[in-house]
Each structure stands twice: as C-alpha cells, then as structure tokens.
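Q: Residue numbers (the numbering used here): 250 to 485.
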C-alpha cells in the first residue's frame with residue numbers, strides 16, 4: 250500500500266534532506282503531546298504511513314529534533330489509539346468507562362490519515378455505544394418524568410433499528426432511533442449501560458432477558474424513588 254499524495258506545502262510531518270542516524274528508540278511529538286516508542290514497533294506495519302516513513306531507506310528524508318524526536322502536526326489525543334495499534338495490532342477505542350477525549354469522527358480521520366486498516370466489527374460495536382447510551386438516557390428521562398410511570402420495557406429486535414419502549418401502566422409507546430446493532434450492544438454491554446444509568450437513578454432496577462428474535466430489558470423505579478433522584482439525571 251502506497252502513501253497517498255499530500256500537499257507538500259502544508260505537510261503535517263517535518264521532513265528534510267539531511268541525513269539522520271537510524272536509532273530504534275524515538276519520540277513522536279504529535280500535536281504537542283510526546284509519545285515514546287521504537288522504530289521497530291512502527292516498521293512492523295510497513296503498509297501504514299509511519300511504518301513506511303520510518304523504514305531505514307527513508308531515514309535521510311526525516312528531520313529529527315534532538316536526534317530522535319519527530320514532530321507530527323496531527324491530533325495528539327487521538328494518537329494514543331494509533332500508537333496502541335502499532336503495539337498490539339488492535340485499535341481499542343474506549344467507548345465504555347473512558348474519558349471520551351475524542352469523538353468517533355476524530356478517530357476515524359486519524360486512522361485514515363495514518364493508513365491504519367479498516368475498523369473491526371468489535372471496534373465498530375464499541376464506537377456505537379455513545380449513541381446508544383444517549384438514546385437510553387432520553388428514554389429514561391421521558392419515562393421517569395411522567396406521573397405514575399415507573400416501569401419501562403425495552404425491546405431490541407434482531408434488526409436492531411429501534412428501541413421499542415412501552416410505558417407499562419398506560420400502554421403508550423415511543424420509538425427511539427439507535428445503531429443497527431442495538432441488540433448486540435445490549436447483550437455485550439448491558440452491565441456497563443446499567444451502571445451508567447444508575448449514576449443518575451441509583452435505585453433503578455434492571456432485568457435483562459433473551460426472547461425469540463430479540464432481547465428485552467425491564468427497568469423500573471417506584472414513584473418515591475423517582476422523586477428522590479429527580480434532580481440528578483443529566484448528560485455529561
């Protein structure tokens with residue numbers, strides 16, 4: 250895989266025709282954040298941008314700072330995940346329990362720039378968590394603010410296009426758009442979703458179960474519990 254042509258007048262990687270000694274230990278200064286790694290770690294993936302750039306045959310094209318430091322004008326926060334790919338062969342984006350330092354779009358842009366292979370299904374699943382949890386928060390905020398409504402039945406079918414939410418005391422229903430793999434998210438990340446919601450509604454009860462062609466979660470709060478936690482729900 251070759252490196253795509255870029256505007257040399259606004260290159261984000263400092264280069265020069267001066268000779269550079271090939272050392273294994275190196276520092277990558279990405280957008281002002283310094284990362285320490287080894288040249289061999291990067292060149293183990295020769296079809297990526299950094300894997301090609303730091304091949305020994307290209308050493309004379311590089312312009313290091315203090316012999317072993319290289320400046321790359323890209324997203325320094327997102328580069329954490331790029332470097333982990335070189336170290337582990339995987340892109341592990343922390344959708345759950347992470348500090349959410351970067352968005353999905355930011356990460357995808359950096360993966361594309363550094364020529365990292367397409368995302369795996371597992372990573373795509375984790376990256377859809379943020380959209381899913383926002384949908385769940387909207388459902389709970391709406392349901393638990395209706396007088397007398399304390400039970401919610403959430404059904405995710407195999408097509409995963411919607412959450413079917415039934416307010417069980419009145420029998421009304423509401424559809425909330427979620428990622429197409431919503432059922433899989435509930436199955437894989439159900440515990441983490443429950444823990445997130447409990448930070449807003451500490452007394453929330455969560456009862457998941459499998460059904461034919463889908464997955465169901467029953468959530469409930471007593472009215473006095475809703476009133477007690479009424480001022481807590483908010484999205485960070």
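Glycine included, every Cβ here is placed at the ideal spot set by N, Cα and C.
(1) Rounded to the nearest angstrom, what separates residue 357 and residue 473 at their Cα positions?
(2) Return helix, strand or coil for residue 329, following the three-state DSSP convention.
(3) Taking the alpha-carbon positions, what's the residue 317 to residue 275 distance?
(4) Residues in the same chain with beta-carbon distance under 7 Å from residue 325, minus the five sequence neighbours each way, listed in chain order, please.
(5) Residue 297: buried (16+ other C-beta within 10 angstroms of its C-beta) or exposed?
(6) Do the region 459-470 and the region 430-437 meet, that is, are 3 or more Cβ pairs less than 8 Å apart?
(7) If we ignore side chains and look at the alpha-carbon of each, how far apart do residue 457 and residue 352 end up?
(8) Are residue 319 and residue 290 touching if we call contact CB-CB under 7 Å?
(9) Spell out the partners DSSP gives residue 320 in its beta bridges.
(10) Looking only at its own chain, which residues have a Cβ that is under 7 Å from the Cβ of residue 455, when we skip the five neighbours before and after it?
A: Reading from the atomic positions:
(1) 44 Å
(2) helix
(3) 5 Å
(4) 279, 280, 281, 282
(5) Residue environment for residue 297: buried (at least 16 other C-beta atoms within 10 angstroms of its C-beta).
(6) yes
(7) Computed Cα separation, rounded: 29 Å.
(8) Not closer than 7 Å, so no.
(9) 278
(10) 443, 466, 468
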